[in-house]
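> Below is one structure. I have some questions about it.
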Amino acid sequence: MDDPALVAAGARSVVGVDFSEVAVRATQRRATELGLPCRYVVGALPGAPLAAGCADLVYTGKGALIWMTDLDAWAADVARLLRPSGHLFLYDGHPAFAIWTWDEDHPRVRPDRSYFARSYVGDDTFPGHGAVEFQWTLGQVVTAVAGAGLEVVHLAEYPEPFWRYSDVSAASWDGRLPNSFSLLARRRRETAG
Numbered sequence: 001m002d003d004p005a006l007v008a009a010g011a012r013s014v015v016g017v018d019f020s021e022v023a024v025r026a027t028q029r030r031a032t033e034l035g036l037p038c039r040y041v042v043g044a045l046p047g048a049p050l051a052a053g054c055a056d057l058v059y060t061g062k063g064a065l066i067w068m069t070d071l072d073a074w075a076a077d078v079a080r081l082l083r084p085s086g087h088l089f090l091y092d093g094h095p096a097f098a099i100w101t102w103d104e105d106h107p108r109v110r111p112d113r114s115y116f117a118r119s120y121v122g123d124d125t126f127p128g129h130g131a132v133e134f135q136w137t138l139g140q141v142v143t144a145v146a147g148a149g150l151e152v153v154h155l156a157e158y159p160e161p162f163w164r165y166s167d168v169s170a171a172s173w174d175g176r177l178p179n180s181f182s183l184l185a186r187r188r189r190e191t192a193g
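Numbering follows full-length UniProt numbering, with no gaps: position 169 of the sequence shown is 169.
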C-alpha cells in the first residue's frame, strides 16, 4: 500500500524491488489493475538490478531491515541508486520493538531476546521455517547510512508500531516505549574538484 501512497503524494513513477517473484507478480498485477505508474523487479538490496543514480527517493520500510544481512552494503547500494540530492526515507520497526513482550498488563523485555543480538531465528513470525531475522541497533542503522555518504537530515522515534498483530493490545504499545522510527537522509551533491 506504500506504492499507491507514493503516487498519490506526487511520484511520477515507482519502481519496487522484492526478492520474491510471487510478490512481484502479484504487486505488478495490482498496480496495473489500478492504473498506477509502478513497475516491480525481482531483486534485493544490496544488488538491486537498477542503474546507478536512477532514483530521487529510495523508500525502505515496514519490516525490511530485519532481512538485511549486511547493513553497510544495503546503505551503499541505496547511495548508489540515488541521484545527487536524492533522499532515502526509512520507516521501520524500531530495533527495540523485537524485544518487547506482547503482554497486555505491563511492558516487559522478552527473556529470549537482546537489543544487541546480531540475529535470531524468527520462529514466531514464520512458524516451523526458522527464518533468520537480523537485529540492528538504531546506532548501527544511522552509522551505516552516514558511512555510505548520506547526510542524515531527520531521525524520529514513535511509540506506535507500524503494524499490530490481530486484536492484540500490548502494554508496550501504550506510548511509553519506542516501537517504530523514521530516518530521512540526503545524498550530497557532487562537487567539482
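C-beta atoms are modelled at their ideal positions from N, C-alpha and C, and glycine is treated no differently. This one's a predicted model, so the numbers in the text were calculated from it and none came from an experiment.
Terminal residues of the continuous beta strand (DSSP E) containing Leu-183?
180 to 187
> Does the beta-carbon of Thr-32 have 16 or more other beta-carbons within 10 angstroms, so that it is buried, or is it exposed?
Label assigned to Thr-32: exposed.
> Could you tell me which residues DSSP pairs with Trp-100 in its beta bridges?
When beta bridges are read from the DSSP output, Trp-100 appears opposite Val-109.
> For the candidate residues Pro-178, Leu-36, Asp-3 and Trp-136, whose alpha-carbon lies nearest to that of Ile-66?
Trp-136
> Less than 8 angstroms separating the beta-carbons of Ala-19 and His-94?
Note on residue identity: the sequence assigns Phe, not Ala, to residue 19. No, these two residues do not count as a Cβ contact at 8 angstroms.
> Quick one, which of Ala-26, Ala-55, Arg-108 and Arg-176 has its alpha-carbon nearest Arg-83's?
Ala-55
> Using the beta-carbon count (16 or more within 10 Å), is Pro-161 buried or exposed?
buried
> Return the Cβ separation of Cys-38 and Gly-16 in integer angstroms, given the expectation that the two are a contact with Cβ distance under 8 angstroms.
The beta-carbon separation of Cys-38 and Gly-16, rounded to 6 angstroms, stays under the 8 angstroms limit for a contact.
> Just to confirm the assignment, what range does the beta strand (DSSP E) spanning Asp-18 have?
14 to 18
> Tell me, which residues are paired with Val-58 by DSSP?
Note: Val-58 sits in a beta bridge opposite Leu-88.
> Between Tyr-59 and the rest of its own chain, which residues show a CB-CB distance below 6 angstroms, the 5 nearest in sequence each way excluded?
Same-chain partners within the cutoff: Phe-89.
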